[in-house]
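Heads up, the thing below is written out as C-alpha cells.
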Amino acid sequence: MRDYTIITDSTTDLAVPLLRDVDIQIIPMEFHLDGRSYHNYPDEREYDMRQFYAELKAGKTSTTSQINQQTFTEIFEPILREGKDVLYLAFSSGLSGTYHSSCLAAADLREKYPDAKILCVDTLAASAGEGLLVYTAARKKAEGMGIEELAKWVEDNRLHLCHWFTVDDLNHLKRGGRVSPAAAVIGTALGIKPVLHVDNEGHLIPMEKVRGRRKSLDALADHMEKTCSPRDGQTVFISHGNAPEDAEYLAKQIRSRMKVKDIVISTIGPVIGSHSGPGTIALFFFGTVR
Numbered sequence: 009m010r011d012y013t014i015i016t017d018s019t020t021d022l023a024v025p026l027l028r029d030v031d032i033q034i035i036p037m038e039f040h041l042d043g044r045s046y047h048n049y050p051d052e053r054e055y056d057m058r059q060f061y062a063e064l065k066a067g068k069t070s071t072t073s074q075i076n077q078q079t080f081t082e083i084f085e086p087i088l089r090e091g092k093d094v095l096y097l098a099f100s101s102g103l104s105g106t107y108h109s110s111c112l113a114a115a116d117l118r119e120k121y122p123d124a125k126i127l128c129v130d131t132l133a134a135s136a137g138e139g140l141l142v143y144t145a146a147r148k149k150a151e152g153m154g155i156e157e158l159a160k161w162v163e164d165n166r167l168h169l170c171h172w173f174t175v176d177d178l179n180h181l182k183r184g185g186r187v188s189p190a191a192a193v194i195g196t197a198l199g200i201k202p203v204l205h206v207d208n209e210g211h212l213i214p215m216e217k218v219r220g221r222r223k224s225l226d227a228l229a230d231h232m233e234k235t236c237s238p239r240d241g242q243t244v245f246i247s248h249g250n251a252p253e254d255a256e257y258l259a260k261q262i263r264s265r266m267k268v269k270d271i272v273i274s275t276i277g278p279v280i281g282s283h284s285g286p287g288t289i290a291l292f293f294f295g296t297v298r
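The opening position of the sequence shown corresponds to residue 9 in my numbering, with each subsequent residue numbered one higher.
Okay, here's the thing in C-alpha cells:
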C-alpha cells in the first residue's frame, strides 16, 4: 500500500500542540486587513490572533479569499512526485468554493499521475469542527487505516460532527447577510445573542435567539446534551474569538453535565473570525445528528 499525505486548510483552527501529535499538512488561507494580505498560519507567524480581534473590535473589516486551483496543484504535485497519494479534507463547500478548486486541480493531476490516488473530500465542516474531524481522521491514519477506507470514514461520519455557535456582535453576521441590518440594530439593543449551527449541507444557519450572553453559552451545552453521541469519553473541541473566559465557562458546563474524555480549547483563526467576529464561542462534538 502506498503512503499518503492528509492535507487540510487552516480553517480547521487546530491548536499547534495538537498538530505536533499528527501528520497533517495545513494550507494557510488568506485574509485581507488594512489593505494588506496575510496568511492564516496556525502558529500565527504572520499575524497575532489577539491583535487581529483587537483590530476588528476597533471597527476594522477583514475579508478572506478561497484557495485557488493553482495553489492546490503546487501543493499536491510535490507529494505525488515522491510516489505518495493525497487525501485532501476540505473546508465546507457550503461556506467556500475551496473544495471545488481542489477537485479541478485533482482532475488535472490524475491525467499526469494516473497511478496515484488523489482524493478530495468535502468535510461539510468549519472551524474546529473541521479540525475535530480531520484530527480524528489523522489518528486513524496513524493506526494504519488506508486512504480509501479513511476517505469513506470521513464521508460516513461528517454529518455526526455537530457545530454550535454563538456570536457576541451581530454586525459581523449582518455583513455576511445572515441577519438583516434592522435585526442587527434591534438585537444589539435588546442584548439578543443568536445560536447557530452548521447544517447537513455545510451552511451556517441561525437556529434560535437567546437574550443575554450567559444564556447563549448555556444554550450550546443544552444542544450538546440533546444530541451528543452515547459513546463515553469523547474529546470535545471549543473554539473562541479571543474570549477565553467564556470558553472556559462553557467547558465547565459541559463537564458538569456530561461524561467527556477531554475538552480542547483553541482560538478561532482570522479566516473564520473575519465572518464571526470577536467574542464568538463555538462547540464541536460527535452526535447522533447534526
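Every residue gets a Cβ at the ideal spot worked out from N, C-alpha and C, and that includes glycine.
Own chain, CB closer than 6 Å to residue i, minus 5 neighbours either side, in chain order
i: residue 211; result: 102
i: residue 176; result: 287
i: residue 191; result: Residue confidence for residue 191 is low, a pLDDT of 47 falling below 50, so the modelled location carries little weight and cannot support an answer.
i: residue 41; result: 70
Rounded C-alpha distance that separates residue i from residue j
i: residue 232; j: residue 119; result: 45 Å
i: residue 99; j: residue 141; result: 11 Å
i: residue 66; j: residue 137; result: 28 Å
i: residue 32; j: residue 254; result: 29 Å
i: residue 126; j: residue 28; result: 24 Å
i: residue 37; j: residue 21; result: 11 Å
i: residue 59; j: residue 68; result: 12 Å
i: residue 88; j: residue 262; result: 43 Å
i: residue 155; j: residue 111; result: 17 Å
i: residue 17; j: residue 35; result: 5 Å
i: residue 146; j: residue 30; result: 6 Å
i: residue 193; j: residue 132; result: Caution applies to residue 193, whose pLDDT of 41 falls short of 50 and renders its modelled position unreliable; the value that the coordinates give is listed next. One C-alpha to the other measures close to 31 Å.
i: residue 23; j: residue 134; result: 15 Å
i: residue 57; j: residue 130; result: 27 Å
i: residue 271; j: residue 246; result: 7 Å
i: residue 43; j: residue 70; result: 9 Å
i: residue 62; j: residue 285; result: 10 Å
i: residue 267; j: residue 91; result: 43 Å
i: residue 19; j: residue 64; result: 18 Å
i: residue 26; j: residue 273; result: 11 Å
i: residue 12; j: residue 283; result: 33 Å
Residue(s) in a DSSP beta bridge with residue i
i: residue 174; result: 203 and 289
i: residue 234; result: DSSP lists no partner for residue 234.
i: residue 16; result: 34
i: residue 169; result: 294
Close-in-space but distant-in-sequence residues of the same chain around residue i (CB under 8 Å, 5 per side omitted)
i: residue 203; result: 172, 173, 174, 214, 215, 216, 217, 218, 224, 227, 228 and 231
i: residue 237; result: 168, 293, 294, 295 and 296
i: residue 97; result: 14, 15, 16, 129, 131, 138, 141, 142, 145 and 162
Own chain, CB closer than 7 Å to residue i, minus 5 neighbours either side, in chain order
i: residue 265; result: 229 and 233
i: residue 269; result: 241, 242 and 243
i: residue 257; result: 225
Ignoring anything shorter than 4 residues or poking outside the region 85 to 144, list the alpha helix (DSSP H) runs there in chain order.
106 to 120
Unbroken stretches of the beta strand (DSSP E), 3 residues or longer, contained in the region 23 to 84:
32 to 35, 38 to 41, 44 to 47 and 70 to 73
Taking three-plus beta-carbon pairs below 8 Å as touching, is the region 44 to 51 in contact with the region 78 to 96?
no
If we count Cβ pairs, one from each stretch, closer than 8 Å, do we get three or more for the region 106 to 118 versus the region 238 to 252?
no
May I have a chain-ordered list of the alpha helix (DSSP H) segments no shorter than 4 residues that lie completely inside the region 209 to 276?
221 to 235 and 252 to 265
Are at least three pairs of beta-carbons, each pair with one atom in the region 279 to 286 and one in the region 160 to 167, less than 8 Å apart?
no
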